[in-house]
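Undergrad: Protein chains in written order, with our numbering: chain S, 998 to 1269; chain D, 998 to 1269.
Ideal Cβ positions, reconstructed from N, Cα and C, are used throughout, including at glycine.
Please read these numbers as outputs of a predicted model, since none were measured by experiment.
Protein chains: 2
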Amino acid sequence: MNFLEKLRAAARQNKSWLCVGLDSELSKIPTFVRERHGTHAVFEFNRAIIEATSDLVCAYKINLAFYEMLGPVGLEILSKTRELIPQEIPVIADAKRGDIENTARAYAKALFEYYRFDAATVNPLMGFDSIAPFLEYSEKCAFLLVRTSNPGARDFQELNCAGKPLYQHIAEKARQWNTRQNVGVVVGATAPQELSLVRRIVGDEMPILVPGVGAQGGDLERAVKNSFNSRGELAIITASRSVLFASQERDFAQAARKAAQELRDAINRFRA
Amino acid sequence: MNFLEKLRAAARQNKSWLCVGLDSELSKIPTFVRERHGTHAVFEFNRAIIEATSDLVCAYKINLAFYEMLGPVGLEILSKTRELIPQEIPVIADAKRGDIENTARAYAKALFEYYRFDAATVNPLMGFDSIAPFLEYSEKCAFLLVRTSNPGARDFQELNCAGKPLYQHIAEKARQWNTRQNVGVVVGATAPQELSLVRRIVGDEMPILVPGVGAQGGDLERAVKNSFNSRGELAIITASRSVLFASQERDFAQAARKAAQELRDAINRFRA
Chain S
998 MNFLEKLRAA ARQNKSWLCV GLDSELSKIP TFVRERHGTH AVFEFNRAII EATSDLVCAY
1058 KINLAFYEML GPVGLEILSK TRELIPQEIP VIADAKRGDI ENTARAYAKA LFEYYRFDAA
1118 TVNPLMGFDS IAPFLEYSEK CAFLLVRTSN PGARDFQELN CAGKPLYQHI AEKARQWNTR
1178 QNVGVVVGAT APQELSLVRR IVGDEMPILV PGVGAQGGDL ERAVKNSFNS RGELAIITAS
1238 RSVLFASQER DFAQAARKAA QELRDAINRF RA
Chain D
998 MNFLEKLRAA ARQNKSWLCV GLDSELSKIP TFVRERHGTH AVFEFNRAII EATSDLVCAY
1058 KINLAFYEML GPVGLEILSK TRELIPQEIP VIADAKRGDI ENTARAYAKA LFEYYRFDAA
1118 TVNPLMGFDS IAPFLEYSEK CAFLLVRTSN PGARDFQELN CAGKPLYQHI AEKARQWNTR
1178 QNVGVVVGAT APQELSLVRR IVGDEMPILV PGVGAQGGDL ERAVKNSFNS RGELAIITAS
1238 RSVLFASQER DFAQAARKAA QELRDAINRF RA
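1. Would you kindly report the start and end of the unbroken beta strand (DSSP E) that includes S/F1242?
2. Taking a contact to mean a Cβ-Cβ separation below 8 Å, would you say S/Y1104 touches D/A1062 in this structure?
3. Return the CA-CA distance between S/V1221 and S/N1175, expressed in angstroms with no decimal places.
4. Quick one: which chain S residues come within Cβ less than 8 Å of D/A1117?
5. Less than 6 Å between C-beta atoms, sequence neighbours within five positions excluded: which residues of the same chain meet that for D/R1031?
6. Roughly how far, in whole angstroms, is the beta-carbon of S/A1236 from the beta-carbon of S/F1225, given that I think they are within contact range, below 8 Å?
7. Can you tell me whether D/K1137 is buried or exposed? The criterion is at least 16 other CB atoms within 10 Å of its CB, across all chains shown.
8. Specify, as a first and last residue, the run of the alpha helix (DSSP H) that S/N1265 falls within.
9. Around the Cβ of S/M998, are there at least 16 other Cβ atoms within 10 angstroms (buried) or fewer (exposed)?
10. Measuring alpha carbon to alpha carbon, tell me which of D/V1088, D/L1001, D/A1150 ends up nearest D/V1054.
11. Distance, Cα to Cα, D/K1058 vs D/G1018?
12. Taking buried to mean at least 16 other C-beta atoms within 10 Å of its own C-beta, is S/E1073 buried or exposed?
13. Quick check: D/L1163 and S/C1158, are their CB atoms within less than 8 Å of each other?
14. Starting from D/A1150, follow the beta strand (DSSP E) in both directions and report where the run begins and ends.
15. Between the alpha carbons of S/N1167 and S/R1044, how many angstroms are there, rounded?
16. Let me see if you follow: with CB-CB separation under 8 Å, is S/A1171 close to chain D or not?
17. Which whole-angstrom value describes the C-beta separation of S/S1146 and S/P1069, a residue pair presumed to lie in contact below a C-beta threshold of 8 Å?
18. Just to check my reading of the structure: D/S1051 and D/I1026 have Cβ atoms closer than 8 Å, yes? What is that Cβ distance to the nearest angstrom?
19. Using a Cβ-Cβ cut-off of 8 Å, state whether S/Y1057 counts as contacting chain D.
20. Would a C-beta distance cut-off of 8 Å place S/D1262 and S/R1228 closer than the cut-off?
21. I believe S/Y1064 touches S/L1081 by the beta-carbon criterion, under 8 Å. Please report the beta-carbon distance rounded to the nearest angstrom.
22. Grab the span of the beta strand (DSSP E) containing D/Y1057 for me, first residue to last.
23. Show which residues of chain S have a CB atom less than 8 Å away from the CB atom of D/G1095.
24. Helix, strand or coil for D/V1170? Go by DSSP, reduced to three states.
25. What does D/A1159 touch in chain S if you count any residue whose Cβ is under 9 Å from its own?
26. Give the range of the beta strand (DSSP E) segment to which S/D1091 is assigned.
27. For S/I1097 and S/A1171, what's the separation of their Cα atoms in angstroms?
28. Can you list, in chain order, the residues of the region 1071-1086 of chain S whose Cβ is nearer than 7 Å to any Cβ on chain D?
29. Closer than 7 Å, Cβ to any Cβ of chain D: which residues of the region 1135-1148 of chain S, in chain order?
30. Provide the residue span of the alpha helix (DSSP H) that contains S/F1131, from first to last.
31. How about D/V1182 and D/L1156: do their beta carbons lie closer than 8 Å?
32. Report, in whole angstroms, the separation of the C-beta atoms of S/G1214 and S/V1240, which I expect to be a contact under 8 Å.
33. Show which residues of chain S have a CB atom less than 8 Å away from the CB atom of D/L1163.
34. Quick one, which of D/S1021, D/V1143, D/Q1154 has its alpha-carbon nearest D/I1047's?
35. Output, in chain order, the set of chain S residues within a Cβ distance shorter than 8 Å of D/P1189.
36. What residues from the region 1028-1054 of chain D come within 8 Å of chain S, judged by C-beta to C-beta, listed N to C?
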């Protein structure tokens, strides 16, 4: 089963296009969990969040930075967290890697073989040979950064290059490089107009990963209306902090479940 | 002592602007080392290379991909390798990270605080707020990718944007963001004309990291002549595979030393 099939099956089963981002930064985890478990609070927190939300999502996204900052033990926690996620839910490594060919091959190996992620975000600035090693895995998916959700996206991604903004050139290359149906794109919910332009460029069969609806303040309704394909599918709406840290109290997992459920239902309402 | 001072001191002490890249991919390490040490061959190999070359370099560069592909134990080896390097030699994390602000902060923490690197390569595609957390460390250095050494560099970095190629826009931003003397740029030796243009844009006080002279085939003489500043300093010429894997026999460390020495001396000849 390739990534698109796995994603569609999970979306169907859970009636959801919501992806929960496990950006589980140690210092933001409820104090009582940290006091009991120290650094391993990240694992215990993830376990509770996954148990509370795995029937509400089409995918999880794990942001490697929050694990790497803990040193090698953080990568042990990453590995154990990945094992906890039910097999039928695809897991996206939010790693934004990009390097020359032999190095990109090592990054792809780390993410797809060692940690067994189903997909990874990649940074396309270095061009085709920095992406190609990821695309050799036909059952996985590489999500190219096209138009990111942060303020700095304007510095380079919106520069007018040969008649159109850089991000549109990247979206066109994403479509061109998608000969094995294993390319996706990342477009922030904070850029709703760009979302609809990119959907037009990449067509109906490419998944769009859409971060930025929670803590970053993107408008959910516009993001949903502009990112789904003509059959109302293949946009992966991602929320991290607004779900994970919905409560700092003992009810944190239930609060996360409630936040995820509301978000899932709102996405479905706007899709209809 | 900030990064530039540390770099200049090491370059003076070792009469060298050569940086050896510890891209120590397990499968390329001499068989007899792998047979004796298994995965830890990476550490034993690095120890021998560092002992054989630490009086010949101005810096080491460690490419994280080749450690990450081994899983958490690879990060243990990374950490132990970093500890082996003599304190007076600056160490650059070749990680090419770049993400939204709170995530970039976690990556900077991992590289600068946990692993105590002196500098890191960063990918500027996501703009200022993805770089800013690295620049808050005034004693460290962030090297922005400007014009990389690989074939794919042409896909986006050379697109004509508002009258000049994208990489020149990035070089101008690098200069503008260098308010604390802790920004550097990466330009590949395979692009000698672009090297001299970037040196003109960034001025005399910014270090340029120059990969691509060994296995990637960049012309050393042109790279050196186009990258050093007017006082013949602040270009960090990086070689990895051509030094590390100079021999697969028991003399591998001496062979690496010989390759490093020849390269150091050639750089100094062309600088003169």
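TA: In this structure, then:
1. For the purposes of this step, residue 1242 of chain S is taken as the residue at position 245 of the first sequence. First-last for S/F1242: undefined, no H or E at that position.
2. Here residue 1104 of chain S refers to the residue found at position 107 of the first sequence. Here residue 1062 of chain D refers to the residue found at position 65 of the second sequence. A contact, by the Cβ cut-off of 8 Å.
3. Stepping through the first sequence from its first residue, residue 1221 of chain S is reached at position 224. Stepping through the first sequence from its first residue, residue 1175 of chain S is reached at position 178. Roughly 23 Å between the two C-alpha positions.
4. Taking the first residue of the second sequence as position 1, residue 1117 of chain D is located at position 120. Those within 8 Å of D/A1117 in chain S number zero; the least Cβ separation is about 12 Å.
5. As a working note, residue 1031 of chain D is residue 34 in the second sequence. Excluding residues within five positions, the ones whose Cβ falls inside 6 Å are A1038.
6. For this step, residue 1236 of chain S is matched to residue 239 along the first sequence. For this step, residue 1225 of chain S is matched to residue 228 along the first sequence. Contact doesn't hold; Cβ gap of about 16 Å is too wide.
7. The residue given as residue 1137 of chain D occupies position 140 in the second sequence. Buried, because 16 or more other Cβ atoms sit within 10 Å of the Cβ of D/K1137.
8. Sequence index remark: in the first sequence, residue 1265 of chain S carries index 268 (1-based). Element bounds for S/N1265: 1249-1268.
9. Counting from one through the first sequence, the residue named residue 998 of chain S turns up at place 1. Exposed, since its Cβ has fewer than 16 Cβ neighbours within 10 Å.
10. For the purposes of this step, residue 1054 of chain D is identified with residue 57 of the second sequence, where counting begins at 1. Nearest option by C-alpha distance: D/V1088.
11. The count along the second sequence starts at 1 and reaches residue 1058 of chain D at position 61. The count along the second sequence starts at 1 and reaches residue 1018 of chain D at position 21. About 4 Å.
12. Within the first sequence, the letter at position 76 stands for residue 1073 of chain S. It counts as buried.
13. The count along the second sequence starts at 1 and reaches residue 1163 of chain D at position 166. The count along the first sequence starts at 1 and reaches residue 1158 of chain S at position 161. A contact, by the Cβ cut-off of 8 Å.
14. Taking the second sequence and counting its residues from 1, one reaches residue 1150 of chain D at position 153. Not the beta strand (DSSP E): D/A1150 falls in the alpha helix (DSSP H), residues 1150-1153.
15. What you label residue 1167 of chain S is simply residue 170 of the first sequence in a count that begins at 1. What you label residue 1044 of chain S is simply residue 47 of the first sequence in a count that begins at 1. Residue identity check: residue 1167 of chain S is Ile in the sequence provided, not Asn. Looking at the two C-alpha atoms, the distance is approximately 36 Å.
16. On the first sequence, position 174 is the one that residue 1171 of chain S refers to. Output row for S/A1171: interface = no.
17. Residue 1146 of chain S sits at position 149 when you count from the first residue of the first sequence. Residue 1069 of chain S sits at position 72 when you count from the first residue of the first sequence. Incorrect: roughly 30 Å between the Cβ atoms, too far for contact.
18. Here residue 1051 of chain D refers to the residue found at position 54 of the second sequence. Here residue 1026 of chain D refers to the residue found at position 29 of the second sequence. Not a contact, Cβ separation roughly 19 Å.
19. Here residue 1057 of chain S refers to the residue found at position 60 of the first sequence. Cβ-Cβ to chain D under 8 Å: no for S/Y1057.
20. Along the first sequence, one-based indexing puts residue 1262 of chain S at 265. Along the first sequence, one-based indexing puts residue 1228 of chain S at 231. Against a cut-off of 8 Å, the Cβ pair of S/R1228 and S/D1262 comes out as no contact.
21. If you number the first sequence from 1, residue 1064 of chain S lands on position 67. If you number the first sequence from 1, residue 1081 of chain S lands on position 84. Their Cβ separation, rounded to whole angstroms, is 14 Å, which puts S/Y1064 and S/L1081 out of contact at 8 Å.
22. As a position in the second sequence, residue 1057 of chain D is number 60, starting the count at 1. From DSSP, the beta strand (DSSP E) with D/Y1057 extends over 1056-1060.
23. Here residue 1095 of chain D refers to the residue found at position 98 of the second sequence. By Cβ distance, chain S contributes K1093, N1120.
24. Against the second sequence, residue 1170 of chain D aligns to sequence position 173. First, the residue type needs correcting, since residue 1170 of chain D is Lys and not Val in the sequence shown. Three-state DSSP puts D/K1170 in a helix.
25. Residue numbering aside, residue 1159 of chain D sits at position 162 when the second sequence is read from its first letter. Within chain S, the residues near D/A1159 are L1156, N1157, C1158.
26. Indexing the first sequence from 1 puts residue 1091 of chain S at position 94. 1088-1094 is the extent of the beta strand (DSSP E) around S/D1091.
27. Here residue 1097 of chain S is taken as the residue at index 100 of the first sequence, counted from 1. Here residue 1171 of chain S is taken as the residue at index 174 of the first sequence, counted from 1. Those two C-alpha atoms are separated by around 18 Å.
28. L1072, E1073, S1076
29. L1142, T1145, S1146, N1147, P1148
30. Start at 1 with the first residue of the first sequence, and residue 1131 of chain S comes out as number 134. From DSSP, the alpha helix (DSSP H) with S/F1131 extends over 1125-1132.
31. Taking the second sequence and counting its residues from 1, the one referred to as residue 1182 of chain D is at position 185. Taking the second sequence and counting its residues from 1, the one referred to as residue 1156 of chain D is at position 159. Not a contact, by the Cβ cut-off of 8 Å.
32. In the first sequence, the residue the question calls residue 1214 of chain S occupies position 217. In the first sequence, the residue the question calls residue 1240 of chain S occupies position 243. Not confirmed; about 15 Å, so no contact.
33. For the purposes of this step, residue 1163 of chain D is taken as the residue at position 166 of the second sequence. Within chain S, the residues near D/L1163 are F1153, L1156, C1158, L1163.
34. The residue given as residue 1047 of chain D occupies position 50 in the second sequence. Nearest of D/S1021, D/V1143, D/Q1154 to D/I1047, Cα basis: D/S1021.
35. By one-based count along the second sequence, residue 1189 of chain D stands at place 192. Result: empty, since nearest Cβ-Cβ is about 18 Å, beyond 8 Å.
36. none
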